[in-house]
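Here the structure comes first, spelled out in structure tokens, and everything after it is commentary.
Number of protein chains: 4
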Amino acid sequence: MVGYAFMGAAHSQAWRSAGRFFDLPLEPDLAVLCGRDAAAAGAAARKLGWRSVETDWKQLLRRDDVALVDICTPGDTHAEIATAALDAGKHVLCEKPLANSVDEARAMVAAAERARAAGVRSMVGFNYRRVPAVALARQLVADGRIGQIRHVRAQYLQDWIVDPEFPLVWRLQAEKAGSGALGDIGAHIVDLAQFVTGDRLAGVTALTETFITERPLPAASSGLSASGSVERGPVTVDDAALFFGRFAGGALASFEATRFATGRKNAIRLEVNGSAGSLAFDFESMNELSFYDGTEDPSTAGFRRILVTEPTHPYAGAWWPPGHLLGYEHSFTHEIVDLVRDVANGADPRPSFLDGLQVQLVLDAVARSAAAGSSWTEIETS
Amino acid sequence: MVGYAFMGAAHSQAWRSAGRFFDLPLEPDLAVLCGRDAAAAGAAARKLGWRSVETDWKQLLRRDDVALVDICTPGDTHAEIATAALDAGKHVLCEKPLANSVDEARAMVAAAERARAAGVRSMVGFNYRRVPAVALARQLVADGRIGQIRHVRAQYLQDWIVDPEFPLVWRLQAEKAGSGALGDIGAHIVDLAQFVTGDRLAGVTALTETFITERPLPAASSGLSASGSVERGPVTVDDAALFFGRFAGGALASFEATRFATGRKNAIRLEVNGSAGSLAFDFESMNELSFYDGTEDPSTAGFRRILVTEPTHPYAGAWWPPGHLLGYEHSFTHEIVDLVRDVANGADPRPSFLDGLQVQLVLDAVARSAAAGSSWTEIETS
Amino acid sequence: MVGYAFMGAAHSQAWRSAGRFFDLPLEPDLAVLCGRDAAAAGAAARKLGWRSVETDWKQLLRRDDVALVDICTPGDTHAEIATAALDAGKHVLCEKPLANSVDEARAMVAAAERARAAGVRSMVGFNYRRVPAVALARQLVADGRIGQIRHVRAQYLQDWIVDPEFPLVWRLQAEKAGSGALGDIGAHIVDLAQFVTGDRLAGVTALTETFITERPLPAASSGLSASGSVERGPVTVDDAALFFGRFAGGALASFEATRFATGRKNAIRLEVNGSAGSLAFDFESMNELSFYDGTEDPSTAGFRRILVTEPTHPYAGAWWPPGHLLGYEHSFTHEIVDLVRDVANGADPRPSFLDGLQVQLVLDAVARSAAAGSSWTEIETS
Amino acid sequence: MVGYAFMGAAHSQAWRSAGRFFDLPLEPDLAVLCGRDAAAAGAAARKLGWRSVETDWKQLLRRDDVALVDICTPGDTHAEIATAALDAGKHVLCEKPLANSVDEARAMVAAAERARAAGVRSMVGFNYRRVPAVALARQLVADGRIGQIRHVRAQYLQDWIVDPEFPLVWRLQAEKAGSGALGDIGAHIVDLAQFVTGDRLAGVTALTETFITERPLPAASSGLSASGSVERGPVTVDDAALFFGRFAGGALASFEATRFATGRKNAIRLEVNGSAGSLAFDFESMNELSFYDGTEDPSTAGFRRILVTEPTHPYAGAWWPPGHLLGYEHSFTHEIVDLVRDVANGADPRPSFLDGLQVQLVLDAVARSAAAGSSWTEIETS
């Protein structure tokens, strides 16, 4: 595993836990954690349960005890590491977004295609697909319970930078993060909308905004400059992104990703309306799926709150009895379970790098539309 | 109509509105409002839409333009007025509780039986039966959608006397109100539980409590006594009543009525669990019924939030299109609609005085159980 | 009152009820109902409580017993009737949308301005402003509890034409209805968003769609043509409209109006995020306002479900005790109360015709943007 | 650890994960798993991460590498194992209920007291105390935010034996399980009610019921007897238990534990009403606490939905950013964290065996009241 911050902790818990609840054809061996700072990486490895440490990710590719590289670093490093790993014959799990640009993502897809011929697998980490309620939503759509899809409504709402004195961290700098809310959280709802519907966005119109254009520099945030004033720097990414579009199959979709929704902490909302029924999901109640069956008698029709903890529900049977809830980290465990099984079975994991590229193409069209005064922008084909 | 306070206003709106939305076989004529204070009654009559005033309710019985007496006075006057009106050949609508004692209620039932032989009708005003969601709940039980009932869980929660400085109004005095939370709001949930299940409570065990045993006298509440201190008097009714019991059909039931549930304003909650399904209702969301169909596939089973505003729902079709909500007062309008139709058609309205007596018998058993250290108490048959 | 269908029934109930619960400086006299078909209008007048009938609306302007004309007809007739009535010195209440075109709306505003000089008042019927929870939302914004507004999220979701066999009623024909979901329900959420924020939309980008482009002709819908097949005609309005925009004050806004949201009956949702707090409202729970106070301690901060039935809440004190809910029609009663008071006090009612024009300008920009491939479109100033 | 079924899996995950997210003064070493069937225990040990196996729990007491015994067996074995382990100088974590009888529980408390003098610690596993929302509830009560407590309303609702063909498993046999819903899930809500209020129940009145008195024998459930009919045996425990009572501090409380609440899977509900505010919790939304502050302005007062995932909330800061939910198993992890810290620091963990005994005394009073016709029954002092 390369990187050991927020995503590194989530992935480690998943690698450690997957085999404890699911039957795996291969037993994960947490061989090595990689970080540039040897001391910090060593401490993280002990904390997170990895048995050795490297400070140069290229070393991982030379080690015989490394069969898979799990990339948990910021997006600007994904392309180089993933491509090299795949070319070295290592399976790759790469955190989302796949890359910071379409060109990088295309290169990664090419590498994945090359590797695939040699039986080397790759996967991009859109973990929310494996929240049981989301997986059930996909099933219901695939089973025709929603019918012809008319509307998709997706929002990802957070509020962690509402305070204008929140410092200018790297996630607010374009050169490092690529974009702001758009790539960080907008990417998730684009993937979710495409996954649940089984369809692709064809075109979009977008609007982005940076509400707070200057923020205290991180260093300055805990002190004063010589002159006694807080030093500030420019915010170079979006604080919020709104866009709507059309799916290839004709459905309309609206998206909103923001870090300025005061009181909403991690509200991922998805609603799908079709000719036969509707679905609604909110991550703040992640164990529930709301389902309206439009074929029922109107007198007893209503949105059902399905508690997605039954043995018949995706992933749920491996855990606890009905009504005993799962949390955020379980989505990663399910990701690892499916990845390990696919690797063992010689199957191609999903979401693939191609799926990751497709999301990147949407984000790219969104950014171009916003830059061009919200003009309608077709999404390139992957 | 006798009385013109809270219930008088609700009934007047119902009498005025029933024929505007429903086809009635008879047209209500708001002939006369009766109150002891001529000036106040006159003002109320103008405000509420009644065309004349009397100060002695006995006058109503002598007037040819009065075919029905609607009794909206406190419970200690119900028996005398209702009995006299029925004996005078006037139909009677009597607010709940039917009476303050079982003896009075029995006398009223006897009067109703006598009058019935002469085609004179009577009804007791448990208005919540005619909230569309409650009427739908009754339908679902009657249609067998819930199966054999195992549990009933009923609560009526308010908070208007949490403040110990709230004055000693008549509702807190036993000689006027009969009881406290028990008769005022407990009566409603007893009636609802019996109505929705179609069954009768057979026995109960109860606990009542008066948390604040002394309160400022109403006069004193806006001033000081000669000695400079607020004068107080004893609270002689219950602040809260808890009881559980068995239905004749074997279901278990729990009840709680309180005026000390801080933050709950008029929370009437009813939950029914049966072998085939479950129902849940909360008056704070009175346009919704929650229904769980236990015969569904577990993968898509869940409590459905039925918005009870469809044309196929009880009463709802006469009002607005689906999704346009009704309010508290509509339950009274529905009561009047059914009453007028029954009177015109020579049918016996429900809830009948016998239904009212049955509730009184439950309240009486509750009071006796509480007085006897929560001992199990059989409910007398009516 | 001109017209007596859905809106006519709602307005009549409001005219009849306003003085029963609120103290009015003038007593409404339901003088005359106007409809082209004498028999049908006569039946409606009896049902709805109007004391006479006219078949030509111009007659109303000549009658001395008519001080105010309440226009409840389809939008294509608003301009002519309202202008004539105002010029004849009659106060006017005009249902929304103010008109079917900007030009008509401008002419109506001009008429309103002329009349105003003579003390003649006008109001447009955006009734949802007077749902107590919405009025409270406006108060909280005006009091600064939300701070600088960043986001507005508004949806109006219905599902009554999901079935492709639903007939081609007049609301689906452009020449009569002007537009589809956009003008019918989109108008409401534009008005609500501007009302609650106290701000104006400055520009929009839009997408509209007609999912079902042909439907059975109404006549044909209950029979077959000579050839044995159902005759169909083209749907010439939008089934759904999505748009986003910027407020003059800098907030971003997204809107969605659709008749294809299966299972959503009349879901009017509004969410506002600001620097100090957030608000959320859903008409399916119309007695509640959800409020997040961003200045609270994070440990106890959370969206509060305010049950808007307290005596201190807008309009609520005139009705029932706390916790006793109001319904859809009460919004009209409140509208009439405020209108009558303004007329009596010589004040200008809101929403004014100018407010109605402002909404029309937004709808016009939406339609132009959608027609021009979702291009960014500035909203004309009124 | 002794036992490796449902609780064994939950405890193992907690032992493995505690140190990965929290800083622990001692590092848990999963030394040995004990089960009577060597093969099965060996498989479980591998699956759950224990490094050795024993088939006789007494062996654990002789091993130097065992410092603490975690008892996850059925209740009838708790007393013997726990007492022996404590006397052998091993710390003990014992699953709830502490024992199947008051006598056993008293003996265990005595053993815990003896051991305590030697620095040996004991804890009973009421895990729900350490759901962050429940821990926050306790804090708010302790901080006086709820004021004088008037009402506690607790329910634990499940539905796994609604089907009369569900077999007669050991949990439905008194000799093994002690009691049915009462001891299994009723114990949890008694502990929660006492924990959150910081008070003790003083007396109760109870009603228990067995709805299905005969069930297929487990063996027979998958086959037929020689005679071709399914063999059945008697259910000797309660299916449901209702009770109410008084707290020492004067609050009223009602409890309901049932396995017949169709559609409720693991609904643990707790509501507390006090003179200054109220709290409500439902485990089906376990990351939320509902809090009503009665000291707020009535115009903006309302139940707040606190998402208990902030860094300032109990336990939450060690996991993920705000809005990223936790699940059922995290309550066990928190239990282990606190236990390990207390052991290291020489502190007495809570809930103690004395707390477990107190719950047992309540259950015993409930059973005695139910057996004596719901008579009022004082709870013995521990």
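Sequence lines, in order, name chains V, Z, L and A.
Under this note's numbering, think of the first position of the first sequence as 18, with each following residue one higher.
Under this note's numbering, think of the first position of the second sequence as 18, with each following residue one higher.
Under this note's numbering, think of the first position of the third sequence as 18, with each following residue one higher.
Under this note's numbering, think of the first position of the fourth sequence as 18, with each following residue one higher.
Backbone N, C-alpha and C fix where the C-beta goes; we use that ideal spot for every residue, glycine too.
Quiz item: Can you give, in chain order, each stretch of the alpha helix (DSSP H) that sits fully within the segment 115-172 of chain L and has at least 4 residues?
Solution: 119-134, 149-159
Quiz item: Pick from 108(Z), 34(Z), 206(Z): whose alpha carbon is nearest that of residue 376(Z)?
Solution: Here residue 376(Z) is taken as the residue at index 359 of the second sequence, counted from 1. The residue with the shortest Cα to Cα distance from residue 376(Z) is 206(Z).
Exercise. Spell out a yes or no on whether the segment 31-51 of chain L and the segment 81-90 of chain L are touching, meaning 3 or more CB-CB pairs, one atom from each, closer than 8 Å.
Key: Short answer: they touch.
Quiz item: Which residues in the same chain as residue 235(A) place their Cβ atom closer than 8 Å to its Cβ, once the five residues preceding and following it in sequence are excluded?
Solution: Reading the fourth sequence from its first residue, position 218 is the one you call residue 235(A). Contacts found: 184, 185, 186.
Quiz item: residue 325(V): which of 318(V), 128(V), 317(V), 339(V) sits nearest, CA to CA?
Solution: For the purposes of this step, residue 325(V) is identified with residue 308 of the first sequence, where counting begins at 1. For residue 325(V), the nearest C-alpha among the options comes from 339(V).
Exercise. List the endpoints of the continuous alpha helix (DSSP H) containing residue 280(Z).
Key: The residue given as residue 280(Z) occupies position 263 in the second sequence. Neither: residue 280(Z) is in no alpha helix (DSSP H) and is coded neither H nor E.
Quiz item: In whole angstroms, what separates the C-alpha of residue 355(V) from that of residue 346(V)?
Solution: Here the question's residue 355(V) lines up with position 338 in the first sequence. Here the question's residue 346(V) lines up with position 329 in the first sequence. Approximately 15 Å, taken between the alpha carbons.
Quiz item: Between the C-alpha atoms of residue 69(Z) and residue 363(Z), what's the straight-line distance to the nearest angstrom?
Solution: To locate residue 69(Z), count along the second sequence from 1; it is residue 52. To locate residue 363(Z), count along the second sequence from 1; it is residue 346. When rounded, the distance between both Cα atoms is 28 Å.
Quiz item: Roughly how far, in whole angstroms, is the beta-carbon of residue 308(V) from the beta-carbon of residue 317(Z), given that I think they are within contact range, below 8 Å?
Solution: Locating residue 308(V) in the first sequence gives position 291, where the first residue counts as 1. Locating residue 317(Z) in the second sequence gives position 300, where the first residue counts as 1. With a Cβ gap of about 6 Å, residue 308(V) and residue 317(Z) count as contacting.
Quiz prompt | Cross-chain neighbours of residue 32(A) in chain V, by beta carbon under 9 Å | solution = As a working note, residue 32(A) is residue 15 in the fourth sequence. The premise fails here: residue 32(A) is roughly 11 Å from chain V at the closest Cβ pair, so nothing lies under 9 Å.
Quiz prompt | Selection from 342(Z), 341(Z), 335(Z) that minimises the alpha carbon distance to residue 436(Z) | solution = Given a span of 18 to 399 for chain Z in the structure shown, any question on residue 436(Z) remains unanswerable.
Exercise. Tell me, please, whether the CB atom of residue 173(Z) is closer than 7 Å to any CB atom in chain A?
Key: As a working mapping, residue 173(Z) is identified with position 156 in the second sequence. False, the Cβ-Cβ gap to chain A never drops below 7 Å.
Practice problem: Classify residue 142(A) as buried or exposed, calling it buried when 16 or more other Cβ atoms lie within 10 Å of its own Cβ. | Solution: Within the fourth sequence, the letter at position 125 stands for residue 142(A). It is buried - the Cβ of residue 142(A) has at least 16 other Cβ atoms within 10 Å.
Quiz item: Under 7 Å Cβ-Cβ, which residues of chain A neighbour residue 125(V)?
Solution: The count along the first sequence starts at 1 and reaches residue 125(V) at position 108. By Cβ distance, chain A contributes nothing, its closest Cβ being about 27 Å from residue 125(V), past 7 Å.
Exercise. Enumerate in chain order the residues of its own chain whose CB-to-CB distance from residue 260(V) is below 6 Å, with the five nearest sequence positions on each side excluded.
Key: The residue you call residue 260(V) lines up with position 243 of the first sequence. Within its own chain, the residues whose Cβ lies closer than 6 Å to the Cβ of residue 260(V), once the five positions on either side in sequence are excluded, are 221, 223, 272, 383, listed in chain order.
Self-check item: For residue 362(A), the three-state DSSP class (helix, strand or coil)
Solution: Your numbering for residue 362(A) matches position 345 in the fourth sequence. Residue 362(A) falls in the helix class under three-state DSSP.
Quiz item: When you check each C-beta in the segment 295-322 of chain Z against every C-beta of chain B, which residues fall closer than 9 Å?
Solution: In the structure shown, chain B cannot be found, because the protein chains are V, Z, L and A.
Self-check item: Whole-Å CB distance - residue 369(A) paired with residue 140(A), under 8 Å assumed
Solution: Indexing the fourth sequence from 1 puts residue 369(A) at position 352. Indexing the fourth sequence from 1 puts residue 140(A) at position 123. About 7 Å; that satisfies the 8 Å criterion.
Quiz item: Any idea which residues DSSP pairs residue 222(L) with across the strands?
Solution: For the purposes of this step, residue 222(L) is taken as residue 205 along the third sequence, with counting starting at 1. For residue 222(L), which the question treats as bridged, DSSP gives the partners 261(L).
Exercise. Report the neighbours of residue 284(V) on chain A: residues whose CB is nearer than 8 Å to its CB, in chain order.
Key: Counting from 1 along the first sequence, the entry for residue 284(V) is found at position 267. Simply 340.
Self-check item: Endpoints, the beta strand (DSSP E) within which residue 108(L) is located
Solution: Counted from its first residue, the third sequence places residue 108(L) at position 91. Run containing residue 108(L): 108-112, per the beta strand (DSSP E) assignment.
Quiz item: Does the separation of the CB atoms of residue 147(V) and residue 352(V) fall below 7 Å?
Solution: One-based indexing of the first sequence puts residue 147(V) at position 130. One-based indexing of the first sequence puts residue 352(V) at position 335. In contact: residue 147(V) and residue 352(V) (Cβ atoms closer than 7 Å).
Practice problem: Determine the direct distance from the alpha carbon of residue 257(V) to that of residue 387(V), and round the result to whole angstroms. | Solution: On the first sequence, residue 387(V) is found 370 positions in, with the first residue counted as 1. On the first sequence, residue 257(V) is found 240 positions in, with the first residue counted as 1. About 11 Å.
Self-check item: Segment limits, beta strand (DSSP E) that includes residue 17(L)
Solution: This structure cannot speak to residue 17(L), because chain L is shown only from 18 to 399.
Exercise. State the CB to CB distance for the pair residue 208(Z) and residue 276(Z), rounded to an integer number of angstroms; the pair is presumed to be in contact (CB under 8 Å).
Key: Residue numbering aside, residue 208(Z) sits at position 191 when the second sequence is read from its first letter. Residue numbering aside, residue 276(Z) sits at position 259 when the second sequence is read from its first letter. The pair is not a contact, with the Cβ atoms about 19 Å apart (cut-off 8 Å).
Quiz item: Can the beta-carbon of residue 129(Z) be found closer than 7 Å to that of residue 171(Z)?
Solution: On the second sequence, position 112 is the one that residue 129(Z) refers to. On the second sequence, position 154 is the one that residue 171(Z) refers to. Their beta carbons are not under 7 Å apart, which means residue 129(Z) does not touch residue 171(Z) by this criterion.
Self-check item: CB contact flag (residue 283(Z), residue 330(L), <7 Å)
Solution: For the purposes of this step, residue 283(Z) is taken as the residue at position 266 of the second sequence. For the purposes of this step, residue 330(L) is taken as the residue at position 313 of the third sequence. Against a cut-off of 7 Å, the Cβ pair of residue 330(L) and residue 283(Z) comes out as no contact.
Quiz item: Short check: CB of residue 103(V) to CB of residue 150(V), under 7 Å?
Solution: For the purposes of this step, residue 103(V) is taken as residue 86 along the first sequence, with counting starting at 1. For the purposes of this step, residue 150(V) is taken as residue 133 along the first sequence, with counting starting at 1. Not in contact: residue 103(V) and residue 150(V) (Cβ atoms no closer than 7 Å).
Quiz prompt | Where the beta strand (DSSP E) through residue 274(L) begins and ends | solution = Within the third sequence, residue 274(L) is the residue found at index 257, counting from 1. That run of the beta strand (DSSP E) goes 269-275.
Quiz item: Residue range of the beta strand (DSSP E) that residue 299(Z) falls in?
Solution: Counted from its first residue, the second sequence places residue 299(Z) at position 282. First-last of the beta strand (DSSP E) with residue 299(Z): 294-299.
Quiz prompt | Contact belief for residue 305(A) with residue 322(A) at Cβ below 8 Å, rounded distance in angstroms | solution = In the fourth sequence, residue 305(A) corresponds to position 288, counting from 1. In the fourth sequence, residue 322(A) corresponds to position 305, counting from 1. Going by Cβ atoms, the distance from residue 305(A) to residue 322(A) rounds to 5 Å, so yes, they are a contact pair.
Quiz prompt | Exposure label - residue 365(L); buried when at least 16 CB within 10 Å | solution = Sequence index remark: in the third sequence, residue 365(L) carries index 348 (1-based). Per the 10 Å Cβ criterion, exposed.
Quiz item: In whole angstroms, what is the alpha-carbon distance linking residue 238(A) and residue 227(A)?
Solution: Stepping through the fourth sequence from its first residue, residue 238(A) is reached at position 221. Stepping through the fourth sequence from its first residue, residue 227(A) is reached at position 210. Bear in mind that the predicted position of residue 238(A) carries a pLDDT of just 48, short of 50, making it unreliable; the figure below should be weighed with that in mind. Distance between the alpha carbons of residue 238(A) and residue 227(A) is about 20 Å.
Quiz item: Going by other Cβ atoms of all chains shown within 10 Å of its Cβ, with 16 needed for buried, is residue 246(V) buried or exposed?
Solution: One-based indexing of the first sequence puts residue 246(V) at position 229. Exposed, since its Cβ has fewer than 16 Cβ neighbours within 10 Å.
Exercise. Look at the Cβ atom of residue 137(Z), then the Cβ atom of residue 270(Z), and state whether they are nearer than 7 Å.
Key: As a working note, residue 137(Z) is residue 120 in the second sequence. As a working note, residue 270(Z) is residue 253 in the second sequence. No, the Cβ-Cβ distance between residue 137(Z) and residue 270(Z) is not below 7 Å.
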